[in-house]
Amino acid sequence: MPAAGPAPGARRVVVGLSGGVDSAVSAWLLKEQGWDVIGLFMKNWEDDDDSEYCSTRQDWLDAASVADVIGIDIEAVN
């Protein structure tokens, strides 16, 4: 299947970034195809401590790091 870039007039796309591999690769592939990618990190639970499996703070740091490496902007929403 050939790679498809943005449709005429549609240049921006929002990608949910969790800090994991799947969302990082998706954002990178879209950017490589010429899309203007905006990362969006969603905080879906209350503040937590570092003793739990998923730390909101660490997830945010991972997602922000991915955005930095890819070279895209990222926003966090609650």
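Residue 11 in the numbering used here sits at position 12 of the sequence shown, with consecutive numbering throughout. Ideal Cβ placement from N, Cα and C applies to all residues, glycine included.
Counterpart residues of residue i in DSSP-defined beta bridges
{"i": "V76", "result": "M41"}
{"i": "D67", "result": "For D67, which the question treats as bridged, DSSP gives no partner whatsoever."}
{"i": "D35", "result": "R11"}
For residue i, the first and last residue of its enclosing beta strand (DSSP E)
{"i": "R10", "result": "It is not in any beta strand (DSSP E) - R10 carries neither H nor E in the DSSP assignment."}
Alpha helix (DSSP H) segment containing residue i, residue limits
{"i": "W27", "result": "20-31"}
Beta-carbon proximity check, residue i vs residue j, cutoff 8 Å
{"i": "G38", "j": "A62", "result": "yes"}
{"i": "D58", "j": "G18", "result": "yes"}
{"i": "L29", "j": "V12", "result": "yes"}
{"i": "I69", "j": "W27", "result": "yes"}
Contacting residues, own chain, Cβ-Cβ under 6 Å from residue i (five flanking each side not counted)
{"i": "S64", "result": "none"}
Sequence-distant residues of the same chain with beta carbon closer than 7 Å to residue i, five excluded per side
{"i": "A75", "result": "F40, K42, W59"}
{"i": "S22", "result": "V14, G15, L16"}
{"i": "V36", "result": "V12, V14, A26, L29, K30, I71"}
{"i": "N77", "result": "K42"}
Cutoff 8 Å; reference residue i; Cβ partners in own chain excluding five residues on either side
{"i": "S25", "result": "V14"}
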